[in-house]
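Worksheet: one structure, shown below.
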Amino acid sequence: MRAIRRFTVRTVLPEALAPLGELSMNLRWSWHPETQDLFRDADPATWEAVGHDPVALLGALAPERLAELAGDEGFVRRVHEAAADLREYLTGSRWYQSLGGDGQGSVPAAIAYFSPEYGITSVLPQYSGGLGILAGDHLKSASDLGVPIVGVGLLYRSGYFRQSLSGDGWQQEHYPVLDPDGMPISVLREPDGSPLVVTLDLPGGRALHARVWVAQVGRVPLLLLDSDIETNEPAERQVTERLYGGGNETRLLQELLLGMGGVRALRAYSRITGAPAPDVFHTNEGHAGFLGIERIRELVADAGLSFDEALEAVRAGTVFTTHTPVPAGIDRFPRDLVAQHFSGPLAPPEALDRILALGAETYEGGDPGVFNMAVMGLRLGQRANGVSLLHGEVSRGMFSGLWPGFDPSEVPITSVTNGVHAPTWVAREALDAAEQAGGARDWEGLSRLSDSDLWGVRRTLREKLVTDARRRLRASWLERGASEPELGWIDSALDPDVLTIGFARRVPSYKRLTLMLRDPARLKSLLLHPERPIQIIVAGKAHPADEGGKRLIQELVRFTDDPEVRHRIVFLPNYDIAMAQTLLPGTDVWLNNPLRPLEASGTSGMKAALNGGLNLSILDGWWDEWFDGENGWAIPTADGVNDPNRRDDLEAAGLYDLIETQVASRFYDRGHDGVPQRWIQMVRHTLQSLGPKVLASRQVQDYVNQLYLPAATSVHGLGEDLKGAKVLAEWKRSVRGSWDGVRVDHVESEGVGDAPEVGAVLHIRAFVSIGALQPGDVEVQLVHGRVDEGDELTDTATLTLDHAEAYEGGRHRYDGELTLERTGAFGYTVRVLPSTKLAAAPAELGLVANAVVSEGLAKGAPPLR
Ligand SMILES: *Cc1c(COP(=O)(O)O)cnc(C)c1O
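In this note's numbering, the protein residues as written are 3 to 867.
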């Protein structure tokens with residue numbers, strides 16, 4: 003990449019074109035076609051040459067061209083209109099402002115969002131895959147909705163990596179050094195003009211310094227910490243070199259910088275710009291979890307709180323999102339390594355053991371030598387969520403060991419299903435067509451097109467993809483050592499009228515890149531079918547250390563090299579946002595075949611859906627939730643089959659069958675006008691049924707309503723000087739200390755005999771010992787419901803204390819009644835839980851005293867007739 007200094011750009015811009023500077027530096031251009039058009043029209047050839055990068059374009063324009071543009075009245079007018087439009091976008095009232103937030107009450111004045119990667123545009127390559135794209139879409143939608151988020155991340159000098167292929171199909175990694183001065187980011191400076199430096203003091207007198215860059219994502223500032231500065235020793239300069247690069251020590255330093263350095267960067271940002279301090283902190287996956295330690299350190303140092311009090315204050319305002327049930331996706335550090343880094347000035351005084359306890363795997367099967375970032379995330383956040391309904395459920399099961407005594411369904415992890423940022427992911431051509439037909443510029447307008455117009459749009463998008471894929475294929479073959487004369491076949495590789503299946507994503511083993519190769523002969527016959535052929539476009543990067551993933555890529559590439567099929571199946575190297583923006587809209591069918599339930603959500607298929615693509619997927623992640631039988635196809639899963647080979651065989655066979663008997667036959671079933679009516683019906687249904695659900699704007703609103711507002715309410719509930727945190731810490735200490743004395747002694751029931759009928763009323767009296775605690779400290783619950791296979795009772799009712807004084811032996815009596823409303827096997831039990839209005843979920847403390855099952859009590863009560 004060329005070294006382009008931003009201030010140079012500014013000084014050479016003629017006065018009349020000055021607003022182009024701001025327009026290039028605010029990443030809103032990346033989802034605003036009109037602004038892109040403006041840059042394109044400044045010099046179409048240069049715009050192509052610089053890869054649609056406004057900062058690079060301005061740096062590359064000759065002074066004569068700039069002078070010419072400055073004299074072009076029409077162009078200057080457009081520049082000023084675009085600038086006015088951006089200003090209006092940045093300052094107008096939006097959805098969030100209608101919530102009535104004035105920094106008071108429970109509407110957060112600011113929300114800090116931490117993520118190790120951000121996928122915003124291909125000109126800022128700071129992402130590896132779905133986690134980063136999600137973070138980017140979150141910031142963009144927050145900006146559109148006026149949600150006052152501040153993003154925090156790291157600036158990686160080499161990003162993730164650029165992928166190419168060797169002659170024999172082996173992944174090659176390239177690490178181009180990015181020049182921050184040529185990117186749409188600017189250094190955060192102190193009022194005196196010097197760059198802000200954030201410093202973490204490490205043990206042994208070492209220090210890790212970082213500069214902070216600000217990327218402006220519409221209304222949302224994104225702070226990126228960069229350790230590649232001269233004040234650092236050479237080793238520390240390397241810390242932010244590569245995303246997910248380096249060994250354990252580098253990764254730990256990255257995460258310390260992201261979490262702890264990130265909080266310090268935020269504080270400095272507020273001090274310098276006057277931006278309000280965040281009252282809610284959201285950590286996107288466990289990597290940034292140390293932000294909680296830094297906030298505890300602040301509160302201990304500045305507000306005089308104890309570690310436990312500070313922990314309560316931090317928990318109240320922290321939201322943790324877990325993103326994967328795959329163990330390799332969860333950061334686990336050697337405990338000793340973490341201990342070593344916190345044995346110095348980073349930790350609050352005498353807090354080392356407390357910090358280590360936060361990441362300890364204290365459940366059955368846990369490794370005592372490990373510090374687990376996800377576990378710490380759950381302990382530091384009062385609220386947590388997975389990223390689809392199914393993933394929420396899987397996560398509750400996976401982490402239930404942290405809440406012993408509770409059913410998995412009560413584990414306090416909820417879910418918010420991912421979404422995608424429509425303005426980024428819906429193709430321009432589709433939006434234009436919708437608008438020309440008089441509809442809205444979105445999926446809805448698209449769904450209202452006539453059959454033939456909609457089919458026409460789909461053809462246009464497919465053709466654009468084919469053109470782009472040929473270009474990439476040629477470049478890849480040249481890089482693999484082929485020469486131009488050998489590549490004539492590429493001109494007719496792929497066909498804009500053949501059913502096109504897309505498959506692109508990272509290549510961890512659970513995503514099963516090569517499932518489609520399970521029966522190569524069968525795949526070949528589908529590709530080469532004389533009347534109903536299919537073509538497949540594949541892309542994806544394997545993590546540089548993942549030899550297994552690279553072998554899968556090689557296996558696939560070798561298959562695509564076969565002259566017999568190479569015009570119908572291609573592997574395109576270096577999957578990134580730019581490729582995705584053509585690939586996803588252009589595919590007729592988006593294929594996803596993960597090993598269920600390991601795909602937490604997945605979002606690619608949502609992007610396809612918004613463009614009228616259909617999904618063909620295993621019922622995992624978001625597809626498990628929203629597949630309705632008519633918006634695509636579900637590949638049958640062999641869930642109970644334990645032999646992985648057999649499972650792959652079965653699921654691959656299901657996939658081939660579906661493609662042959664459902665997908666291809668429908669695609670090629672044309673009416674007299676050449677339009678596949680039943681296909682278009684599914685496209686229209688997909689747009690209408692999935693359109694409103696898969697939006698990141700829906701996702702961000704869900705986060706605000708279900709997590710950010712309640713978190714802010716908890717924070718404000720702590721009151722002045724965080725008194726509530728002190729009260730809560732003290733209360734928890736006393737409840738934990740006395741819990742041994744809490745038990746259900748005895749339960750009496752009447753009103754239902756051996757054969758109760760619907761309508762019978764069950765009267766319960768429970769005698770409970772609460773030891774040194776007060777009745778107000780506990781809630782006594784009747785837990786009841788159908789006795790299902792898992793023996794999980796799903797309903798609870800609170801029993802009421804009959805009077806304040808204890809009975810003989812210090813027991814209290816709690817009463818309640820319940821009308822039996824349903825037939826079938828019914829069960830109940832009684833339990834005691836700690837109770838405080840400062841908790842967000844009943845299981846929060848992980849304490850419960852369950853009634854010991856005894857005769858006539860609880861599970862196994864007689865069935866209702
Ligand atoms: C959407 C997107 C992803 C996410 O992939 P999933 O497999 O759906 O999680 C990854 N990479 C890029 C470039 C994307 O655009």
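No residue lacks a Cβ here, since even glycine has one placed at the ideal position from N, Cα and C.
Taking 8 Å as the cut-off, the beta carbon of V789 is found closer than this to the beta carbon of A827. Here the C-alpha atom of Q218 lies approximately 28 Å from the C-alpha atom of R385. Beyond the five residues adjoining it in sequence on each side, W628 comes within less than 7 Å, by CB distance, of L692, K695 in the same chain, given in chain order. Selection S527, P278, L515, A424 evaluated against I539 yields L515 as nearest (Cα-Cα). Comparing alpha carbon positions, the residue from V854, E481, P16, L847 closest to R317 is L847. In this structure, the beta-carbon distance from P223 to S26 does not fall below 8 Å.
For F283, the enclosing beta strand (DSSP E) has its first and last residue at 282-286.
In this structure, the CA atom of A541 is about 9 Å from the CA atom of I555.
For a cut-off of 8 Å, the C-beta gap from A768 to V746 is around 6 Å, short enough to register as a contact.
Within the same chain, and ignoring the five residues on either side of S108 in sequence, the residues whose Cβ sits closer than 6 Å to its Cβ are L711, A714, T715, H718. For the pair G161 and G61, the CB atoms are not nearer than the 8 Å cut-off. Bounds of any beta strand (DSSP E) do not take in P110, whose DSSP letter is neither H nor E.
In the assembly as shown, W491 is an exposed residue. Its beta-carbon has fewer than 16 other beta-carbons within 10 Å. Annotation: the continuous alpha helix (DSSP H) that includes H140 extends over 132-147. A279 and A112 do touch by the CB rule: their CB atoms are close to 7 Å apart, below 8 Å. Three or more Cβ pairs closer than 8 Å define a contact, and the segment 114-129 falls short of that threshold against the segment 90-98. Put simply, of P370, T688, P347 the residue whose alpha carbon is nearest the alpha carbon of G207 is P347. Judged by beta-carbon spacing, R476 lies within the 8 Å limit of L489, meaning their Cβ atoms are closer than that value.
One alpha carbon belongs to T326, the other to L147, and they sit about 27 Å apart. Counting along the chain, V749 sits inside the beta strand (DSSP E) bounded by residues 744-752. Judged by beta-carbon spacing, W31 lies beyond the 8 Å limit of P65, meaning their Cβ atoms are not closer than that value. Fully enclosed beta strand (DSSP E) runs of no fewer than 3 residues occupy 828-836 of the segment 828-853, in order along the chain. The beta-bridge partner set that DSSP reports for A212 consists of V200.
Fewer than three Cβ pairs drawn from the segment 444-458 and the segment 168-177 lie within less than 8 Å of each other, which leaves the two stretches out of contact.
Under the three-state reduction of DSSP output, Y120 falls in the strand class.
With a cut-off of 8 Å on Cβ pairs, the segment 499-507 is in contact with the segment 522-541, counting three or more such pairs. Distance check between G102 and each of G264, G726, V149, A69 places V149 closest, using alpha-carbon atoms only. Per DSSP, the unbroken alpha helix (DSSP H) holding G588 starts and ends at 579-588. Residue nearest to L801 within the set E794, G811, Y830 is Y830 (criterion: CA-CA distance).
Leaving aside the five residues that flank R67 on each side, the residues in its chain whose CB is nearer than 7 Å to its CB run, in chain order, D45.
Between V780 and L835 the beta-carbon gap is near 7 Å, inside 8 Å, which marks them as a contact.
Residue environment analysis places Q664 among the exposed positions, since fewer than 16 neighbouring C-beta atoms fall within 10 angstroms of its C-beta. If you check the C-beta of D723 against ligand 1, you find no heavy atom less than 7 Å away. Between the segment 400-418 and the segment 641-650, the count of Cβ pairs shorter than 8 Å is below three; the stretches do not touch. Taking 8 Å as the upper bound for CB-CB distance, G615 and W592 are in contact here, some 5 Å apart. Within the chosen limit of 7 Å, ligand 1 does not reach the beta carbon of R598 with any heavy atom.
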